[in-house]
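If you read the sequences in order, they're chains G and U.
If you want the numbering used here, it's the position in the first sequence, counting the first as 1, plus 113.
If you want the numbering used here, it's the position in the second sequence, counting the first as 1, plus 55.
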Amino acid sequence: MSKSGTILYLDGVSRSFDGFKAINNLSLVLDKGEMRAIIGPNGAGKTTMMDIITGKTKPDTGEVFYDGQIDLTRHDEAEIAMMGIGRKFQKPTVFESHTVEDNIVLSLKGPRSIFPALFHKRSAGEQRRIEEIFSTIRLGDKRHDLAANLSHGQKQWLEIGMLLAQDPKLLLVDEPVAGMTDAETEETARLLKEISKTHSVIVVEHDMHFVRELGVKVTCLHEGSVLSEGTLDFVSADERVVEVYLGR
Amino acid sequence: MISGKFFVAGADRRIAITILILVAVAILVPVLNIAFPPDSALHVPSYMVALIGKYLCYALLALSLDLVWGYCGILSLGHGAFFALGGYAMGMYLMRQIGDRGVYGNPILPDFMVFLNWKELPWFWYGFDQFWFAALMVMLVPGLLAFCFGWLAFRSRVTGVYLSIITQAMTYALLLAFFRNDMGFGGNNGLTDFKDILGFNVQANTTRSALFAASALALALGVFVTWRIIGSKYGKLLMAVRDAESRTRFLGWRAENVKLFAFTVSAVMAGIAGALYVPQVGIINPGEFDPANSIEVVVWTAVGGRATIVGPIIGALLVNAGKSWFTGVLPEFWLFALGGLFVFVTLFLPKGVVGMYDQWKAGRGHRLKAAATGDAPPLAPVSPAVESARAEKGWQVPSGGPEPAAAE
Ligand SMILES: Nc1ncnc2c1ncn2[C@@H]1O[C@H](COP(=O)(O)OP(=O)(O)O)[C@@H](O)[C@H]1O
Ligand SMILES: [Mg+2]
């Protein structure tokens with residue numbers, strides 16, 4: 114397989130925890146500009162895969178390349194984030210004691226060292242960017258509320274907004290609609306489709322309605338490796354996938 | 056949200072008032088001590104000047120701890136070490152000012168070195184005859200130690216209890232080191248019998264008053280600097296690291312550098328506090344490195360209220376006033392009282408005195424508004440969501456940050 118033209122390239126990646134293989138010879142390729150849905154039962158290794166891509170966990174073996182040539186295993190979380198990979202956690206993680214707006218401000222693309230932050234004054238460009246993000250995630254009327262006071266779904270959106278503020282090339286979105294109402298789920302699908310027009314995206318999700326809504330290529334993980342890959346109809350017709358999901 | 060803006064205004068006003076009070080105290084107390092005769096009702100006795108001056112240094116130490124503990128969740132149990140190092144740097148200057156007026160009359164060597172039969176001044180005592188050099192060391196030595204210590208600890212991602220334990224180990228190691236005579240810092244007895252500071256007799260009333268004023272002004276400056284740091288984007292980042300460190304990393308921030316900066320600034324503040332403390336109490340000895348001292352600082356800060364800037368100052372003043380009173384009346388019970396106070400505050404006043412006051416204010420604001428509009432009074436001034444989010448994090452992570460709706 115060629116790495117050129119890919120935004121993400123995983124080949125033969127394995128990682129075990131105390132002898133348990135959470136990721137087992139996993140290979141996965143994402144083209145530039147592609148959105149991919151990843152499904153798979155609990156414990157399939159979806160979150161661990163994101164940990165490996167974002168530098169939180171180092172793989173035991175295998176190649177992990179970003180943008181065709183950058184070896185991600187040689188970099189740490191902050192470096193990888195600065196290279197343009199943004200990540201939404203499975204459990205929504207925002208800065209609860211800050212306002213919604215400050216959450217975005219802390220995420221905005223820009224220098225990441227201490228002294229610029231000490232003497233930082235908001236520029237007109239930044240203000241414009243903040244407004245753009247608020248119009249995308251539709252939380253503008255909550256901007257002065259503490260993030261702690263948002264509903265679960267709103268926190269998920271805020272976190273997606275924080276990713277956008279980073280201006281990444283690749284977004285990793287872990288279970289964005291967990292705990293959302295149907296209306297919120299639909300809204301989130303709209304939001305992600307919007308984002309995918311200009312970004313490469315990986316979405317991990319269990320909710321099949323939501324995955325159908327996205328209408329993109331699906332990869333099913335099981336026991337740390339790819340079980341099946343293709344359209345949602347193809348994957349959900351795959352006997353092995355049915356077996357994994359329905360139990361044996 | 057209007058109440059949010061109100062809070063900011065309220066918090067800023069509180070800082071401004073604190074700074075004003077400190078500046079006023081810096082001027083008034085010395086005037087009342089020097090200009091009014093002892094029999095005047097307005098006279099502030101010299102022992103009070105010395106006592107409160109000492110408390111102000113403690114307050115600056117507590118404020119420095121608040122910067123790292125309150126705003127960044129780093130529970131340092133070794134902040135006394137930075138205070139003591141600043142104190143030793145000042146003590147070395149004061150020792151060299153004694154000159155040939157020591158018991159042994161040696162113009163260069165302090166008495167304890169003559170006593171140990173040393174022939175030459177150790178190299179690390181060079182320069183301490185100059186005030187500017189000593190003043191620089193007061194900041195540089197604690198700052199450098201904190202920088203090196205923090206660089207290693209934060210880079211290795213040591214957090215929580217483990218970090219607290221190694222800070223405690225750091226101050227304990229320094230305690231043992233400074234006890235040794237061959238370290239060249241006066242061993243067990245430390246540095247004392249000071250004569251002059253900047254050419255003025257340290258015992259003189261006017262000098263004591265000047266030191267008092269310097270302490271109050273240093274504290275005012277500390278409040279100002281901390282407030283500016285906290286109000287900056289960096290300050291928000293500091294709290295973000297406290298609340299969700301991994302989130303900051305995945306946004307591209309280097310959490311270790313964020314912590315390192317605060318830790319170093321905090322150590323410099325603690326060092327300055329120690330340097331102002333030593334000439335006022337007239338001695339610095341290894342006892343200042345005692346781990347128990349550092350723990351006391353944590354108690355002051357907790358009592359006053361973490362992540363409030365003003366709280367730790369109030370806590371330091373209150374607890375030390377209590378200590379002075381207690382050790383006069385029931386000396387053997389002080390440690391029990393202190394321990395009990397800590398347990399009480401932890402259980403019932405997790406946000407300290409200032410936090411309790413804010414909550415009471417917010418609650419009253421709600422009740423007044425409710426009475427005016429006829430609504431049922433909401434019981435919780437802080438939304439349940441915030442409370443539960445905070446409760447989950449437990450006691451190690453402070454529940455700082457702006458409170459909503461403090462109707463000031
Ligand atoms: N840091 C870790 N230490 C030990 N086990 C881990 C760690 N991270 C993940 N695992 C294990 O790896 C497996 C895959 O987990 P995860 O990637 O979270 O699955 P998914 O997100 O697909 O539900 C689980 O069995 C989990 O317990
Ligand atoms: Mg998961």
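Don't be surprised by glycine CBs; every beta carbon is placed ideally from N, CA and C.
Treat the numbers as computed from the prediction; the structure is a model and nothing was measured.
Is the beta carbon of residue i less than 8 Å from the beta carbon of residue j?
i, j, result
"SER140(G)", "ASP164(G)", "no"
"ILE217(G)", "ILE198(G)", "no"
"VAL324(G)", "LEU304(G)", "no"
"ILE369(U)", "VAL408(U)", "yes"
"ALA317(U)", "LEU116(U)", "no"
"GLU288(G)", "GLU336(G)", "no"
"LEU246(U)", "PHE240(U)", "yes"
"ALA464(U)", "ILE221(U)", "The structure shown has nothing for residue 464(U), since chain U only spans 56 to 463."
"ALA189(U)", "MET150(U)", "no"
"LEU252(G)", "LEU271(G)", "yes"
"VAL104(U)", "VAL84(U)", "yes"
"MET192(U)", "ALA144(U)", "yes"
"LYS142(U)", "ALA330(U)", "It should be noted that the sequence gives Gly, not Lys, for residue 142(U). Contact flag set, yes."
Measure from the C-beta of residue i to each C-beta in chain G and report whether the shortest distance is under 8 Å.
i, result
"TRP282(U)", "no"
"ARG304(U)", "yes"
"ASN294(U)", "Checking the displayed sequence, the identity of residue 294(U) turns out to be Met instead of Asn. Yes, MET294(U) counts as interfacial toward chain G."
"ASN312(U)", "yes"
"LYS424(U)", "no"
"GLY307(U)", "yes"
"SER438(U)", "Caution applies to SER438(U), whose pLDDT of 42 falls short of 50 and renders its modelled position unreliable; the model cannot decide the point."
"ALA144(U)", "no"
"ALA299(U)", "yes"
"ILE270(U)", "With the sequence shown as reference, residue 270(U) is identified as Ser, and Ile is not the correct amino acid for it. Judged by the 8 Å Cβ criterion, SER270(U) is not in contact with chain G."
"TYR289(U)", "yes"
"PHE316(U)", "yes"
Please find out if some non-hydrogen atom of ligand 2 comes closer than 7 Å to the beta-carbon of residue i.
i, result
"GLN203(G)", "yes"
"LYS169(G)", "no"
"ASP287(G)", "yes"
Counting only beta-carbon separations shorter than 8 Å, does residue i have a partner in chain U?
i, result
"GLN279(G)", "yes"
"GLU297(G)", "no"
"ARG225(G)", "yes"
"SER220(G)", "yes"
"ASP173(G)", "no"
"MET275(G)", "yes"
"GLY253(G)", "no"
"GLU288(G)", "no"
"HIS233(G)", "yes"
"ASP320(G)", "no"
"GLU214(G)", "no"
"GLU239(G)", "no"
"SER210(G)", "yes"
"ALA291(G)", "no"
"GLU245(G)", "no"
Ligand 1 and residue i: does any heavy atom of the ligand fall closer than 7 Å to the residue's C-beta?
i, result
"GLY156(G)", "yes"
"LYS330(G)", "no"
"ALA135(G)", "yes"
"LYS159(G)", "yes"
"PHE130(G)", "yes"
"GLY153(G)", "yes"
Measure the alpha-carbon distance for residue i versus residue j and round it to whole angstroms.
i, j, result
"GLY238(G)", "SER210(G)", "26 Å"
"ARG309(U)", "THR311(G)", "27 Å"
"GLU342(G)", "ARG187(G)", "28 Å"
"TYR126(U)", "VAL339(G)", "44 Å"
"ASN375(U)", "GLN258(U)", "23 Å"
"THR401(U)", "PRO177(U)", "46 Å"
"VAL352(U)", "HIS134(U)", "8 Å"
"TYR289(U)", "ASN236(U)", "43 Å"
"ALA136(U)", "GLN203(G)", "41 Å"
"PHE178(G)", "VAL314(G)", "15 Å"
"MET238(U)", "ALA232(U)", "7 Å"
"GLY277(U)", "VAL398(U)", "28 Å"
"ILE246(G)", "ASP184(G)", "30 Å"
Hey, does residue i have any beta-carbon neighbour from chain C nearer than 8 Å?
i, result
"THR167(G)", "As a matter of chain content, chain C is missing from the structure shown, whose protein chains are G and U."
So does residue i have its beta carbon nearer than 7 Å to some heavy atom of ligand 4?
i, result
"PRO367(U)", "The model depicted lacks ligand 4 and carries ligand 1 and ligand 2 instead."
Output, in sequence order along the chain, the residues in the segment 187-205 of chain U whose CB is closer than 8 Å to any CB in chain G.
none
Name the residues in the segment 196-208 of chain G whose C-beta lies less than 8 Å from a C-beta of chain U; which are they?
GLY199, ARG200, PHE202, THR206, VAL207 and PHE208
Could you please tell me which residues of the segment 378-390 of chain U, in chain order, have their CB closer than 7 Å to any CB of chain G?
none
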